[in-house]
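*Asks:* One structure is given below, represented as structure tokens, and several questions about it will come after.
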Amino acid sequence: MEIRPILASLRRHRIPAALIVLEIALACAVLCNAVFMIGQRMADIHWPNAIDEQGISVITVNGTDPALAASDIPRNLAALRGIAGVTAAAAATSMPLDQNPALTGFTTTPDGKTTVNTSVYFLGSGGEQALGLHLLQGRFFNADEYADSGLKNFQSTSHVLLVTQSDAQRLWPGQGALGKTLYANGESWTVVGVVGDVLAQDPKFSGPGGRYSSVFYPSHPDEMMGDYVLRNAPQDRDRVVREAVQALGRLEPGAVVEGKTYAQMRTDYFADTSSMVWMLVLVCVVMLAVTAFGIVGLTSFWVGQRRRQIGVRRAVGATRGHILQYFQTENFLLSSMGVAVGMVLAFGINLYLMSHYATSRMPWYYLPCGAIALWLIGQLAVLGPALRAAAVPPVVATRSV
Amino acid sequence: MFGYYLDLALHSLTRNKVLGALMVLAIAVGIGACMTTLTVLHVLSGDPLPGKSGKLYYPQIDPQDARGMMPGTLAPEQVTLIDGMNLLRAKRADRQALMAGGAVPIQPGSSSLDPFYVEARYTSADFFAMFDTPFLYGRGWTGADDEAHARDVVITRQLNDKVFDGADSTGRSLRLGGITFRVVGVLDSWRPNPHFYDLTTGSYNYYEQAFLPLQTALELHFAKNGSNDCWGNGTGGVEGNAYPSATCVWLQFWVELDSAAKAAAYRQFLVHYSEEQKALGRFQRAPNVQLRNLMQWLDYNRVVPGDVRLQAWLAFGFLLVCLVNTVGLMLAKFLRRSGELSVRRALGASRRALFAQLLTESGVIGIAGGAGGLLLSLFGLWMVRHRASDYASLAHLDPAMLLVTFALAIGASLLAGILPAWRACHVAPALQLKSH
């Protein structure tokens, strides 16, 4: 296909051509950034979490008598273990993604400094099994450690803790974490085990550094333990939550008892993020539709203007295919120009967002993907008007001259 | 003449329905998206106390120990009880209030209501005068009541309706946590958004229903809400009835300073206070003082979620795409009518008249697009209200934003019409007429 006549004709219609280029460029820039944001948020929603998310239910109890915690918690756990389908149950102070952060800065030396906020979890006996923690190195807590440990002023009185794989690599790069000591607020603890990465209580608040920074302490029953973690088969979870809430409601008549599956907790935590994703998707779809209709409108106008020229071309021997190809090539040239400008613009917008918002650099492959999307949309949009142009009969050339 | 142009514009819109509808739709979706995000931004970034916010300041001092100190570390965002009381009693500002959030059980006396919990604010007396709270009945308590640990309570209209059936309840008694309090005042509807005076309880849509003297609440060990930051051996009584210890910050302290000179003097006072405390051995760090006014404080805390700003930018990009699209369509529409315009020119109409006629037409498209955009933004805001964010329920269109919608729509469409109209009225009439 000869492109010189097309360029010559575009030069005669600079303004409409420039408008199409501009429209495609803007659409490309907005599309790339919006899709990138969608991708980032989807990645957030799917943050992995090394606990048995599908098989955990959490019952939260508030307003119990603190003085009776030592006897009430074992009694409640016994009742919960009696529910059909429950394979493990334990008390805990908090859960990943429960939006109730309890944070401490840990260091590897007594006088060290840190900017990382580590989420602190206290587990009652059997907590590792109830959560489904993945042990990578070392061991879980033993019965003595559970019995002898507690909370004093929200600081652990034990001497041992579990750390996550990310923390082990961050704190002691290239070395084993087992047997090492962690310090915070003048106390110290020995690492006895390394577990798979468990999410923070509020990873959005903790930031990228604290997302997988979590430590686990053993503790005997304590008034601070308001969460009961139940492990069961995924298909049983809704029934287990229902029965567990009823059982605890009977045992703790004055307290507020709320139950949730862990899957629900995760959905709740990311509800805002997923609605943002849907909004972005909606904007992208509508924007592409608007762009396509704009191209249809302008090309139709062109076809209308050039009916006689098309007729003349047809009369001197051009086939329908030639006419179709002419408009498609024209649109391809315009799209290419638009996409070239658009990619630069998209990159610029990304740089601006990086400096003003907590956005990371857009990976390069978003740009060609956006370009291909707009090429396709351009070709689809031009097809209708181009077919109409191809249908112009040669006889038009002889009329009204 | 304008009426005639209007008539022509409507006629031309109906003549080519598809093109007209496309333009109106493009403007409508662009405006709809823009106004939805702008309204949310407008609601969230608004001034909670217009006219007063410039005089309210949030002092920050740094009582932390030297351990773990990193250069340039920011001062804590709250104060300890000791520092709070010291600053409160120093009375160096025109007004000052020390406060903390909490929750109290309300035990209505004879009525058939069961006991229930409400969010409460424990504060010193100046709170009401400083934040210009509107009183329906009665008034706040006094500084003397603070020191006397008076059993006084100010309740909101909502709580008053619930417990006292909306009657003037001043002087009547109300049982809170087993203690009899005297109602001294009833606040009319007062819901500042963001909840600027204590951001730790959530920035939006958090309201207290009972206000009681801080020292009374502390004496009675009422439960607190909000966050604490501790250092050293400090321990936050996370839940339950224990209060955070002396090396924890957990209270908010606000001052009112009527002039910039007073603000400068108060900052100096804070530096002196820090130095004095360091000399006494309580503080270990060099004075690290901040005095931000209300809006600066909100800004510093990034109260408006970043996502909301991002959405607004995105919507503007989207509007721009829609506008360029409209420019293209208008160009097509106007140029297609070159013949008609040439006849008008040939009959003696000036370019200016033609231009006015075409711009009227784009203005009409703008009004139609604005109406469509309004409907779409109402729908968009309805969707926002059904989202899970804490600010969701605040997303409502106010009259000012309604006006902005139409101004933006008409402005945008006129802007979009300028280039096509200019091109169209520069068509050479003789050439056009000859070719037909």
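Residue numbers (this note's numbering), protein chains in the order written: chain A, 1 to 401; chain B, 1 to 436.
Note that the Cβ used here is the ideal one computed from N, Cα and C, for glycine as well.
(1) Can you tell me the Cα-Cα spacing of S300/A and N49/A, whole angstroms?
(2) Looking at chain A, is there any beta carbon in it that lies within less than 9 Å of the beta carbon of A260/B?
(3) For Y228/A, write down the residues that DSSP places opposite it in a beta bridge.
(4) Would you call the CB atoms of F196/B and P48/B closer than 9 Å?
(5) Taking DSSP as the reference, what is the three-state secondary structure of V286/A?
(6) For K152/A, does the three-state DSSP call read helix, strand or coil?
(7) Output the residue ranges of the alpha helix (DSSP H) runs that lie fully inside the region 330-410 of chain B and measure 4 residues or longer, sorted by chain position.
(8) Based on the DSSP output, what are the partners of G259/A in its beta bridges?
(9) What does a CB cutoff of less than 6 Å around N288/B pick up in its chain, not counting 5 residues either side in sequence?
(10) Give the secondary structure of K224/B by DSSP, where H, G and I count as helix, E and B as strand, and everything else as coil.
(11) Say whether chain A places a C-beta atom closer than 9 Å to the C-beta of G417/B.
(12) Strictly below 7 Å CB to CB, what residues from chain A border F318/B?
(13) Would you call N325/B buried or exposed, if buried means 16 or more other Cβ atoms sit within 10 Å of its Cβ?
(14) Using 8 Å for Cβ pairs, my map puts A92/A next to V229/A. What's the rounded Cβ distance?
(15) Where L171/A and L353/A are concerned, what is the direct C-alpha to C-alpha distance, given to the nearest angstrom?
(16) Which term fits H46/A, buried or exposed, when burial requires 16 or more other beta carbons within 10 angstroms of its beta carbon?
(17) For a contact meaning CB atoms closer than 8 Å, what does L376/A contact in chain B?
(18) How far does the beta strand (DSSP E) with I179/B in it extend, from its first residue to its last?
(19) Measure the CB-CB distance between L335/B and Q309/A and report whether it falls below 9 Å.
(20) Taking 8 Å as the line, does the beta carbon of V184/B fall inside it for any heavy atom of the ligand GTP?
(21) Note down, in chain order, each residue of its chain lying with its Cβ closer than 8 Å to the Cβ of V321/B, except the 5 sequence neighbours on either side.
(22) Would you report the Cα separation of A474/B and Y326/A, rounded to the nearest angstrom?
(23) Leaving out five residues before and five after Y442/B in sequence, what residues of the same chain have Cβ atoms less than 8 Å from its Cβ?
(24) Relative to the C-alpha of Y204/B, which candidate in L394/B, H426/B and A400/B has its C-alpha closest?
(25) Give a yes or no on whether the C-beta atoms belonging to S53/B and L88/B are separated by under 9 Å.
(26) Hey, does I20/A have any beta-carbon neighbour from chain B nearer than 9 Å?
(27) Do you know offhand how far Q277/B's Cα is from L367/A's?
(28) Taking Cβ positions only, does I349/A come closer than 9 Å to chain B?
(29) Which whole-angstrom value is the C-beta distance of Q99/A and Q201/A, which I expect to be below 8 Å?
(30) Taking the alpha-carbon of L68/A as reference, which of P221/A, K113/A, T108/A and A17/A has the nearest alpha-carbon?
(31) For G372/B, count neighbouring Cβ atoms within 10 angstroms of its own Cβ and tell me buried if that reaches 16, exposed if not.
(32) Taking 7 Å as the limit between beta carbons, can you name the residues of its chain near R388/A, skipping five residues before and five after?
(33) What residues in the region 75-109 of chain A have a beta carbon less than 8 Å from any beta carbon of chain B?
(34) Figure out for me which residue from A90/A, G85/A and A70/A has the closest Cα to the Cα of L77/A.
(35) Which of the three DSSP states is assigned to S214/A in this structure?
(36) Going straight from the alpha carbon of A424/B to that of G328/B, what length do you get?
*Replies:* According to the data block:
(1) 54 Å
(2) no
(3) I59/A and A91/A
(4) yes
(5) helix
(6) strand
(7) 338-346 and 351-385
(8) I59/A
(9) D62 and A75
(10) strand
(11) no
(12) V30, V283 and M287
(13) buried
(14) 6 Å
(15) 31 Å
(16) exposed
(17) Per Cβ cutoff of 8 Å: no residues; L376/A is ~17 Å from chain B at best.
(18) I179 to L187
(19) no
(20) Looking at this structure, you won't find the ligand GTP or any other ligand, since it has none at all.
(21) G30
(22) In the structure displayed, chain B extends from 1 to 436; residue 474/B sits before or after that span and is not available.
(23) This structure cannot speak to residue 442/B, because chain B is shown only from 1 to 436.
(24) L394/B
(25) no
(26) yes
(27) 58 Å
(28) yes
(29) 7 Å
(30) P221/A
(31) buried
(32) V303
(33) A102, G105 and T107
(34) A90/A
(35) strand
(36) 13 Å
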